[in-house]
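J.: Below is the structure I would like to discuss, written out as structure tokens.
2 protein chains.
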Amino acid sequence: MKSDELFALLRRRGVLWPSAEIYGGAQGLYDYGPLGAALKRRVEEAWAAWFVGLSHDYYLIQPAEILPEAVVRASGHLENFTDPEITCENCHTAFRAETILEKVRPEGVDGLLPTQIAEIVNSHHLKCPNCGSPALSVPRAFNLMFALDFGVSGKERAYLAPETAQGSYLSFARMWDVGRRALPLGVAVIGKAYRNEIAPRQVLFRMRSFTQAELQIFFDPAHFLVPFERARDEKLPVLRVPRREAGQESPEWVGAAELVASGLPEFYVYHLVHVFRFFRDVLRYPAERIRLFEKSDQERAFYNRIQFDVEVHLESLNGFKELGAVHYRGDYDLGRHSEGSGRDLSVTPTGGSKLLPHVLELTFGVDRNVWGLADTHLAKDGERTVWRLPPYLAPVPVGVFPLIAKEQAPYALALADTLAAAGVRTQYDDAGTIGKRYARMDEAGTPYCLTVDGPTVADGPEHDTVTLRDRDSKAQERVRAADLVARLRPALEPPRPARS
Amino acid sequence: MKSDELFALLRRRGVLWPSAEIYGGAQGLYDYGPLGAALKRRVEEAWAAWFVGLSHDYYLIQPAEILPEAVVRASGHLENFTDPEITCENCHTAFRAETILEKVRPEGVDGLLPTQIAEIVNSHHLKCPNCGSPALSVPRAFNLMFALDFGVSGKERAYLAPETAQGSYLSFARMWDVGRRALPLGVAVIGKAYRNEIAPRQVLFRMRSFTQAELQIFFDPAHFLVPFERARDEKLPVLRVPRREAGQESPEWVGAAELVASGLPEFYVYHLVHVFRFFRDVLRYPAERIRLFEKSDQERAFYNRIQFDVEVHLESLNGFKELGAVHYRGDYDLGRHSEGSGRDLSVTPTGGSKLLPHVLELTFGVDRNVWGLADTHLAKDGERTVWRLPPYLAPVPVGVFPLIAKEQAPYALALADTLAAAGVRTQYDDAGTIGKRYARMDEAGTPYCLTVDGPTVADGPEHDTVTLRDRDSKAQERVRAADLVARLRPALEPPRPARS
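So the protein lines, in turn, are chains A and B. Here the numbering used here is used: position 118 in the first sequence is 151, and no number is missing along the way. Here the numbering used here is used: position 356 in the second sequence is 389, and no number is missing along the way.
Okay, structure coming up:
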């Protein structure tokens with residue numbers, strides 16, 4: 034589906050809609066309805082099960098999402114977290130410089146100075162995309178952080194966190210004391226980040242308030258041992274810099290061992306393999322739509338030593354979109370906060386010598402992936418609209434219907450309660466024909482529907498049976514009610530990486 | 034335990050700590066560590082299972098936590114969401130007027146005009162609590178909302194949501210279309226709220242960024258039918274206004290039917306009963322420490338027609354503290370937003386006539402209850418420190434230990450993985466004596482520990498057994514490994530209200 038059609042469907046089904054809709058909406062803000070909120074939580078749980086599950090020394094924390102000014106000064110965000118902005122002096126609309134330069138410089142403006150951008154604007158006689166006027170301002174650096182007056186003095190400033198990562202860095206010293214005082218130590222956060230985007234767009238792709246899931250792994254670069262044998266045989270769809278420079282846009286499949294042989298560290302490739310598996314095996318994006326896009330020296334932030342973005346080809350947005358990334362950030366973060374806070378964040382692991390840990394960051398856009406999962410798995414199939422989500426991601430894994438509400442409603446409601454008590458989330462529905470109810474659940478991504486009918490109870494309490502209908506095969510099967518939990522429960526746990 | 038001692042313990046164990054600790058902290062902001070983040074999530078899940086579980090027409094959504102200015106103007110927050118603030122003109126410290134008047138007016142300053150507050154300050158010759166100077170300013174209204182420059186124009190204002198409720202009100206029209214177009218319709222939110230508190234204090238009790246769980250039930254006051262027979266026989270510990278005015282502070286136990294006979298609506302008492310049961314049966318606060326505190330006409334916000342606060346006596350804070358509340362808000366909210374947005378939010382239920390729904394709000398402070406659960410359930414027991422959390426609230430429900438790491442580690446790790454795959458969260462620990470490992474898990478609130486030892490594997494794969502140790506009874510029992518999931522899983526599901 035195209036973006037508009039997909040958004041209309043998601044809005045109608047109560048998956049998501051523009052925030053403050055009755056007031057005309059608020060740019061870059063969206064509300065998740067019942068299905069969307071549940072899907073988002075399932076995606077977060079699947080992410081945590083997979084990545085925090087990679088090691089007994091990886092932990093999930095929940096830091097505050099307001100940062101004192103000293104923190105963002107040290108992290109560099111106060112100075113550098115800017116987008117070049119160009120304003121039309123005729124219609125007063127503000128644009129990201131990238132947007133103005135889109136056609137003449139599709140690779141973006143990262144690394145260009147304002148004067149260089151202005152020169153390109155002039156030399157190409159670029160005009161305002163809104164009113165067509167040539168009266169474009171010189172670019173200015175627009176800081177994307179939201180500032181707050183914090184406290185009552187009017188003098189204290191704080192900022193909404195522009196990324197969740199800072200919360201992990203700030204917590205490193207405490208986590209060192211709480212944990213085993215050993216490296217690697219992983220500190221994950223699933224939380225809100227805020228950016229005052231100049232031009233919010235593409236629905237969940239450039240929001241002003243959004244959810245990130247990020248794992249920061251603190252490690253000793255001389256001794257980051259990973260069980261590489263669990264990754265060695267994987268092939269990855271990488272698009273490396275030389276191939277890109279040769280004009281290719283499609284990835285090539287390269288073995289993990291070969292990537293290491295080419296100079297990438299084992300720990301980096303090991304985690305990249307697990308990120309790839311998460312996208313392919315857990316979120317179930319088709320492998321051929323995934324590419325691991327290597328960023329060049331010029332494209333990366335200066336503190337990133339290695340960066341591959343995880344991109345997935347989305348039909349609704351007409352191309353590959355960044356849904357995650359793996360950044361090797363060196364010792365930049367703990368170094369900056371050691372300096373900024375005056376507290377030396379180097380540590381001495383048991384039996385080792387003192388060092389400032391390096392950071393490997395696994396970052397994941399939760400909202401973008403909610404959209405990606407709709408783009409990829411929600412489709413028309415003849416007359417049906419079916420959302421083929423994996424069962425453990427389904428907002429409602431099980432629908433429960435009485436064939437005739439007047440007769441089987443109490444049984445169906447009791448069945449729904451029994452399943453809920455065993456941790457199987459259900460939705461009860463008795464409105465309309467069974468066919469219509471199936472159609473509603475298909476659209477909501479529900480993999481299993483149970484129908485209670487005449488024969489259910491006629492069989493006698495010990496042998497009660499219901500009809501189990503499978504979303505994908507449409508197959509129907511008579512199943513003992515007593516067996517339902519054992520039958521359905523395992524499919525509702527998200528996969529975890531092999532560990533032992 | 035006293036507050037300081039409890040906080041020191043929670044900080045040391047990595048439950049929570051002051052945000053940006055290495056920078057000296059940020060007033061009113063806290064970070065949750067691994068145990069705290071997990072406990073908080075369990076509390077949220079238990080709340081949702083119980084309250085969203087009350088009806089098939091109650092839903093959980095996740096709206097944005099940034100509100101455009103038009104929204105907070107309509108809701109009244111822009112004008113009225115203020116605290117009277119008094120500044121010392123000598124030392125320049127700002128105080129809540131309530132704090133300055135604490136000793137002479139313990140009932141607080143709600144409803145007083147600034148001039149009346151100033152008069153009390155003068156007549157009692159009150160002084161600055163910080164420096165002792167009598168040079169106190171006249172009270173000014175300090176708006177507690179955090180304002181944001183939203184967008185790039187510099188002219189658009191937005192606010193961090195001061196409560197989650199507004200997100201439900203803004204979504205009502207959309208939820209009406211998404212749902213069955215019938216009343217009652219419940220719209221729940223678990224999310225962040227932000228208040229620039231003049232004087233943050235008591236750790237998680239007055240934070241600047243905190244988590245609320247709120248259920249807004251939209252209903253027709255002429256036809257809000259509830260299954261009152263499920264509530265009728267409950268007795269509630271109420272402290273009503275006349276009893277308070279007679280100088281009593283302890284509640285009296287009054288039957289639900291009697292409360293209805295006294296004039297409270299059935300729908301109100303029905304929900305109050307379920308709130309009480311949640312505190313007693315799910316969070317397991319001792320019934321004798323709970324009181325339902327009725328607010329008088331003067332104490333309630335003017336739009337609240339009925340209000341009982343749920344208070345629990347906390348040793349660490351030396352008295353009863355508000356941990357939740359039930360507000361009957363009439364049609365104030367949808368009325369204000371109809372006016373503010375220009376969109377008529379009245380609805381016509383199938384077979385009914387047009388009306389502007391009323392709102393019953395069930396509100397719950399997640400952070401406050403994390404503290405309450407530590408205060409109430411975490412205690413010294415001789416040499417032990419034990420956190421007697423219900424199993425479904427435990428951050429880590431199961432500890433898994435090899436008796437001798439060198440010998441049984443692989444088996445114990447595989448067992449931990451098997452349990453995780455069945456939805457039983459575990460923590461592996463092989464450091465120190467078994468006694469020390471039990472002690473660590475006791476403090477973390479873990480109800481079950483499993484020890485793998487020599488006899489485990491000696492029995493042969495079909496008959497493998499491990500030692501299951503119960504936190505509360507300290508009893509140890511030999512259990513078949515194959516039976517563990519069936520044995521442990523049911524205790525990990527939070528209770529749900531009887532529904533069918």
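Glycine is no exception: its CB is placed at the ideal position from the N, C-alpha and C atoms. Treat the numbers as computed from the prediction; the structure is a model and nothing was measured.
#1: Residues of chain A with CB under 9 Å from Asp64/B, in chain order?
#2: Hey, how far is the Cα of Pro527/A from the Cα of Asp377/B?
#3: At the 8 Å Cβ level, is Asn229/A part of the contact set with chain B, yes or no?
#4: Between which two residues does the alpha helix (DSSP H) containing Ser36/A stretch?
#5: Rounded to whole angstroms, what's the CA-CA distance from Glu344/B to Tyr444/B? Just pull it up for me.
#6: Return the chain-ordered ranges of every beta strand (DSSP E) run that is complete within the segment 307-391 of chain A and spans a minimum of 3 residues.
#7: Where are the beta strand (DSSP E) runs, 3 residues long or more, that stay fully inside the segment 195-268 of chain B, in chain order?
#8: Within 8 Å (strictly less), CB to CB, does Lys73/A reach chain B?
#9: Identify the continuous beta strand (DSSP E) that holds Asn176/B and give its terminal residues.
#10: Which class does Thr459/B belong to by DSSP, given the choice of helix, strand or coil?
#11: Along the chain, which unbroken stretches of the alpha helix (DSSP H) at least 4 residues long are found entirely within the segment 97-121 of chain A?
#12: Mind pulling the beta strand (DSSP E) runs of 3 or more residues that sit fully within the segment 268-297 of chain A?
#13: Run the CB neighbour count on Ser386/A, radius 10 Å, all protein chains shown included, and call it buried at 16 or more, exposed below.
#14: How would you label Gly187/A, buried or exposed, when you count the other beta carbons within 10 angstroms and need 16 or more for buried?
#15: Would a check of beta-carbon distances place Glu54/A closer than 8 Å to chain B?
#16: Can you confirm whether His370/B, when its beta carbon is compared against all beta carbons of chain C, has any partner nearer than 8 Å?
#17: Comparing alpha-carbon positions, which option in Leu269/B, Tyr56/B, Val293/B lies nearest Pro284/B?
#18: Whose Cβ in chain B lies nearer than 7 Å to the Cβ of Gln235/A?
#19: Which term fits Ser52/A, buried or exposed, when burial requires 16 or more other beta carbons within 10 angstroms of its beta carbon?
#20: Using a Cβ-Cβ distance under 8 Å, would Gln441/A count as near chain B?
#21: Just the Cα atoms here: how many angstroms apart are Ser533/B and Tyr63/B?
#22: Comparing alpha-carbon positions, which option in Pro435/A, Gly200/A, His410/A lies nearest Pro424/A?
#23: DSSP state of Gln179/A, grouped into three classes?
#24: For Gln245/A, does the count of other Cβ atoms within 10 angstroms reach 16, so buried, or fall short, so exposed?
#25: Look at the Cβ atom of Ala194/A, then the Cβ atom of Ile133/A, and state whether they are nearer than 8 Å.
#26: Quick check: Thr498/A and Leu483/A, are their CB atoms within less than 8 Å of each other?
#27: Quick one: list the residues of chain B neighbouring Gln60/A, beta-carbon separation under 7 Å, in chain order.
#28: Alpha carbons only, please: which of Thr148/B, Val271/B, Ile119/B is nearest the one belonging to Val185/A?
#29: Which two residues bound the contiguous beta strand (DSSP E) that contains Thr466/A?
#30: Going by the beta-carbon positions, is the gap between His304/A and Pro530/A smaller than 8 Å?
#31: Of the residues that make up the segment 373-384 of chain A, which ones have a beta carbon closer than 9 Å to any beta carbon in chain B?
#32: Given a cut-off of 8 Å, decide if Tyr361/B and Leu388/B are closer than it, judged by their beta-carbon atoms.
#33: Scan the segment 165-185 of chain A for residues whose Cβ lies nearer than 9 Å to a Cβ of chain B and list them as they occur along the chain.
#34: Mind listing the chain A neighbours of Tyr365/B? Cutoff is C-beta to C-beta under 7 Å, in chain order.
#35: Among the residues of its own chain, which have a CB less than 7 Å from the CB of Val315/A, if the five just before and after it don't count?
#36: CA-CA distance, Phe40/A and Lys413/A?
T.: With the structure as the only source:
#1: Reading the second sequence from its first residue, position 31 is the one you call residue 64/B. Ile94, Gln95, Pro96, Ala97, Gly200, Leu203, Ser204, Arg207, listed in chain order.
#2: Along the first sequence, read from residue 1 onward, the residue named residue 527/A stands at position 494. Along the second sequence, read from residue 1 onward, the residue named residue 377/B stands at position 344. Rounded to whole angstroms, Pro527/A to Asp377/B spans 43 Å at the Cα level.
#3: Start at 1 with the first residue of the first sequence, and residue 229/A comes out as number 196. So yes, Asn229/A belongs to the interface.
#4: Residue mapping note: residue 36/A aligns to position 3 of the first sequence, counting from 1. Going by DSSP, Ser36/A is part of the alpha helix (DSSP H) stretching over 36-45.
#5: Numbered from 1 along the second sequence, position 311 holds the residue referred to as residue 344/B. Numbered from 1 along the second sequence, position 411 holds the residue referred to as residue 444/B. Glu344/B and Tyr444/B: Cα-Cα distance of roughly 47 Å.
#6: Segments of the beta strand (DSSP E) lying fully in the segment 307-391 of chain A: 323-327, 339-347, 352-363.
#7: 218-227, 242-252
#8: Translated into positions along the first sequence, residue 73/A becomes position 40. Yes, because at least one Cβ of chain B sits closer than 8 Å to the Cβ of Lys73/A.
#9: Within the second sequence, numbered from 1, the residue matching residue 176/B stands at position 143. 173-176 is the extent of the beta strand (DSSP E) around Asn176/B.
#10: Walking along the second sequence from the start, residue 459/B turns up at place 426. Thr459/B falls in the strand class under three-state DSSP.
#11: Correct list: 102-108, 110-113.
#12: 268-272, 285-288
#13: One-based indexing of the first sequence puts residue 386/A at position 353. It counts as exposed.
#14: On the first sequence, residue 187/A is found 154 positions in, with the first residue counted as 1. Exposed, since its Cβ has fewer than 16 Cβ neighbours within 10 Å.
#15: The count along the first sequence starts at 1 and reaches residue 54/A at position 21. It does: the Cβ of Glu54/A has a partner Cβ on chain B nearer than 8 Å.
#16: The structure shown contains no chain C; the protein chains it does contain are A and B.
#17: Here residue 284/B corresponds to residue number 251 of the second sequence, with the count starting at 1. Looking at the Cα atoms, Leu269/B is the closest of the given residues.
#18: Mapped onto the first sequence, residue 235/A falls at position 202. The premise fails here: Gln235/A is roughly 17 Å from chain B at the closest Cβ pair, so nothing lies under 7 Å.
#19: Position 19 of the first sequence, counted from the start, is the residue given in the question as residue 52/A. When all chains shown are included, Ser52/A counts as buried.
#20: Residue mapping note: residue 441/A aligns to position 408 of the first sequence, counting from 1. Taking Cβ atoms only, chain B never reaches closer than 8 Å to Gln441/A, which makes this a no.
#21: One-based indexing of the second sequence puts residue 533/B at position 500. One-based indexing of the second sequence puts residue 63/B at position 30. Model confidence at Ser533/B stands at a pLDDT of 47, short of 50, so the residue's coordinates are unreliable; what they give is reported in the following sentence. Ser533/B and Tyr63/B: Cα-Cα distance of roughly 41 Å.
#22: Stepping through the first sequence from its first residue, residue 424/A is reached at position 391. Of Pro435/A, Gly200/A, His410/A, the residue nearest in Cα terms is His410/A.
#23: Along the first sequence, read from residue 1 onward, the residue named residue 179/A stands at position 146. According to the sequence shown, residue 179/A is Phe rather than Gln. Shown here, Phe179/A sits in coil according to DSSP, grouped into three states, outside any helix or strand.
#24: Indexing the first sequence from 1 puts residue 245/A at position 212. It is buried - the Cβ of Gln245/A has at least 16 other Cβ atoms within 10 Å.
#25: For the purposes of this step, residue 194/A is identified with residue 161 of the first sequence, where counting begins at 1. For the purposes of this step, residue 133/A is identified with residue 100 of the first sequence, where counting begins at 1. No, these two residues do not count as a Cβ contact at 8 Å.
#26: Reading the first sequence from its first residue, position 465 is the one you call residue 498/A. Reading the first sequence from its first residue, position 450 is the one you call residue 483/A. Not a contact, by the Cβ cut-off of 8 Å.
#27: Looking up residue 60/A in the first sequence gives position 27. Ordered by position in chain B, the residues that pass the 7 Å Cβ test against Gln60/A are Gly184.
#28: In the first sequence, residue 185/A corresponds to position 152, counting from 1. The shortest Cα separation from Val185/A among Thr148/B, Val271/B, Ile119/B belongs to Ile119/B.
#29: If you number the first sequence from 1, residue 466/A lands on position 433. It is not in any beta strand (DSSP E) - Thr466/A carries neither H nor E in the DSSP assignment.
#30: Here residue 304/A refers to the residue found at position 271 when the first sequence is read from its first residue. Here residue 530/A refers to the residue found at position 497 when the first sequence is read from its first residue. No, the pair does not count as a contact, with Cβ atoms beyond the cut-off.
#31: Gly373, Ser374, Gly375, Arg376, Leu378
#32: For the purposes of this step, residue 388/B is taken as the residue at position 355 of the second sequence. For the purposes of this step, residue 361/B is taken as the residue at position 328 of the second sequence. Taking 8 Å as the Cβ cut-off, Leu388/B and Tyr361/B do not qualify as a contacting pair.
#33: Listed in sequence order: Phe175, Phe179, Ala180, Leu181, Asp182, Phe183, Gly184, Val185.
#34: Within the second sequence, numbered from 1, the residue matching residue 365/B stands at position 332. Those within 7 Å of Tyr365/B in chain A number zero; the least Cβ separation is about 16 Å.
#35: Against the first sequence, residue 315/A aligns to sequence position 282. Here the set comprises Ala79, Trp83, Pro527, Pro528.
#36: Position 7 of the first sequence, counting from 1, holds the residue named residue 40/A. Position 380 of the first sequence, counting from 1, holds the residue named residue 413/A. Their backbone Cα atoms lie some 14 Å apart in a straight line.
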